[in-house]
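Before any comments, here is the structure.
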Amino acid sequence: MSILGYARPTGAPGIRNHVALIPVMPYALPVARHIADIVDGTVVVTHLNGRGQAGADLELTRFTLGGIAANPNVAATLVVGFEPSTTAAVVERVRASGKPVESIVVTQHGTLGSIHEGARLALELVLEASRVERVPLELSDLVVGAECGGSDATSGLAANPGVGAAMDRLVRAGGSVLFNEVQELIGAEEGLAARAVNAEVGRRVYEITEKAIAEARDAGVDIVDANPAPDNIAGGLTTLEEKSLGAVAKGGTTTLMGVLEFGERPPGPGLYIQDAPAPAPESVASLLCGGAHIVVFTTGQGNPSGCPLLPVIKVTANPATAKKMPENIDIDLSPVLEGLETIDEGGERVWQEILAVASGARTRAEVLGHDEFNIPRIGPVL
Amino acid sequence: MSSPTHVSEAVVLHPDDNVGTIRRIHSGEAGTCLVALGTETRDLQLPTSVPFGHKIALVAIATGESITKYGQRIGIATEPIAAGEHVHVHNVVGCRDTGRAYAAAAAAAGAEAGR
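Line by line, the protein sequences give chains P and Y.
With my numbering applied, the first sequence covers 2 to 383.
With my numbering applied, the second sequence covers 566 to 680.
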């Protein structure tokens, strides 16, 4: 099958062609929202970072905003700033994407003037984006993120292995797979390290989980002691390893090519892990910044979470969830759970959905406006 | 396919696994469980009832032997487990639980990386 993508100045073609409205800090967000209401084809990247941040904390916000602008699904960016200097700093990051960028500064125009001027700039960016050349998207261009939320016994038994089978297909086709949720790797290090391309990558798996354990301990939580939790044990999970292996099954079974930092792009084809937290808004932020075209998101108990700029394919194998939240579920893998379908057959359905979405089919989270997203704050508010 | 004589159904996630997981309950009693690995199925006698989401031994597992699921070690048997028996916290300990096996694996990975 052939997929037509949207040509970008560098790197992989996009499968969506959005103009991103990126607020620099909270005071700019209402203006960005108004512009999005006026100009079709724009998407607000809603976040509340950028104020009261310094050092590595501010750097993480700016790095993430720059990475989002560079995502292949973004055609162009309007930076909505508050004051000249901080706006210029974000524009500089966005400009590195090589794509069209404009900016507006609220203190220079006021709210109404900024909406007017910003909408005018956004209009031109959308018109320009709509004329971007359509080019063939090879499967080897495709980067897909895997994520899970609201997991239960059905996740580890059917939904995650099913998604993993689809991810194995993408890797065999030469594409890249990304996942993160470092807290859910704790206990699965042995198996992941055994699949690592070299010993250094295996060592990095242990390094990022040790860091996550230490950070949790500093916050007063002992992840290893607390897992599996009593309700996990009641559900049949015996050890922490088993719980985590159920979560990492969503990444598939191929060789682990590397362990990346938060928001880092995969440097080549194959399976990569990012050192990013488990909650969905932060996890998808890292996938988005890391250049994912699509996120495949499994849920057991039901989680509607999406992502700005990326289509999120929701998968469940819990028949009750599929029935209770039909508008949120794109793929129902409960036939795999019930033995009516093999994991591989379920994986083929997920794979076909990935191809359809890459070709333009929209997902439920996308249409329903689920754009949950958050950039982690790693420092104090100053 | 399952027949009315099956009390439950289990799925095996990887050919190397020595446990299966109950994915469907019919009567929920002790009796014959239908065990599936891909498209292949077989019958296994369960001496007790085993709840949904819980594991059963596919073969006899000796004390100290690894429990394998997803093709990977999820823990170690703390007593002999017969085929068909319930495999859970009463007869399995995680490598992370004691920290010893985990520390050894981490040290081995680190030593190898250091070469």
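Glycine included, every Cβ here is placed at the ideal spot set by N, Cα and C.
Non-local beta-carbon contacts of Ile214/P in its own chain, meaning distances under 6 Å to residues more than five positions away in sequence, involve Ile224 in chain order. Cys660/Y carries a helical assignment under DSSP once its states are collapsed to helix, strand and coil.
Gly636/Y places its beta carbon 7 Å or farther from that of Val657/Y.
Within chain Y, no C-beta atom comes less than 9 Å from the C-beta of Pro231/P; the nearest is roughly 10 Å away. In this structure the segment 298-308 of chain P does not lie against the segment 122-131 of chain P, because fewer than three pairs of beta carbons, one per stretch, are closer than 8 Å. In the DSSP assignment, Ser104/P falls within the beta strand (DSSP E) that extends over 102-106. Taking 7 Å as the cut-off, the beta carbon of Ile314/P is found no closer than this to the beta carbon of Thr254/P. A straight line joining the alpha-carbon of Gly370/P with that of Asp331/P spans about 15 Å.
By the Cβ rule, the segment 234-245 of chain P does not count as touching the segment 138-147 of chain P, because fewer than three pairs are nearer than 8 Å.
Pairing Val20/P with Gly51/P gives a Cβ-Cβ distance that is not under 7 Å. Take Thr643/Y, set aside five residues on each side of it, and the residues of its chain with a beta-carbon closer than 8 Å to its own are Thr628, Asn656, Val657, Val658, in chain order. Glu242/P has a beta carbon lying within less than 7 Å of a beta carbon in chain Y. Counting only the Cα atoms, Ala575/Y lies some 19 Å from Val654/Y. With contacts defined as CB atoms closer than 7 Å, Gly151/P and Gln302/P qualify as a contacting pair. When the beta-carbon positions are compared, Glu339/P and Arg589/Y come within less than 7 Å of each other. Within chain Y, the C-beta atoms nearer than 8 Å to that of Asp345/P come from Gly603, in chain order.
A distance below 7 Å separates the beta carbons of Ile379/P and Asp58/P. With fewer than 16 other Cβ atoms inside 10 Å of its own Cβ, Lys324/P counts as exposed. The Cβ atoms of Gly163/P and Leu334/P lie closer than 7 Å to each other.
Separation of the CB atoms of Val351/P and Val297/P is rounded to 6 Å, and the pair is thereby assigned contact status at 8 Å.
DSSP, reduced to helix, strand and coil, places Glu644/Y outside both helices and strands of the structure shown, so it counts as coil. A distance below 7 Å separates the beta carbons of Ile587/Y and Phe617/Y. Against Val225/P, the close residues of chain Y are Arg661, in the order they occur along the chain (beta-carbon pairs closer than 7 Å). A Cβ-Cβ contact shorter than 7 Å links Ser115/P with Val107/P. Listed in chain order, the positions of the segment 174-189 of chain P with a beta carbon within less than 7 Å of a beta carbon of chain Y are Gly188.
The C-beta of Gly163/P comes no closer than 7 Å to any C-beta of chain Y.
For Asp41/P, there is no enclosing beta strand (DSSP E), since its DSSP letter is neither H nor E. Close CB contacts of Arg63/P within its chain, under the 7 Å cut and outside five residues either way in sequence, are with Ala90, Val91, Arg94 (chain order).
In this structure the segment 27-45 of chain P lies against the segment 74-89 of chain P, because at least three pairs of beta carbons, one per stretch, are closer than 8 Å.
For Lys251/P, there is no enclosing alpha helix (DSSP H), since its DSSP letter is neither H nor E. Under the 7 Å criterion on CB atoms, Ile639/Y is classed as interfacial with respect to chain P.
Taking the Cα positions, Leu113/P is about 45 Å away from Gly176/P. Distance from Leu22/P to Val46/P at the Cβ level is roughly 7 Å; contact confirmed, criterion being Cβ atoms closer than 8 Å.
The three-state secondary structure of Ala213/P, taken from DSSP, is helix. For Ser287/P, the number of other beta carbons within 10 angstroms of its own is at least 16, and it is reported as buried.
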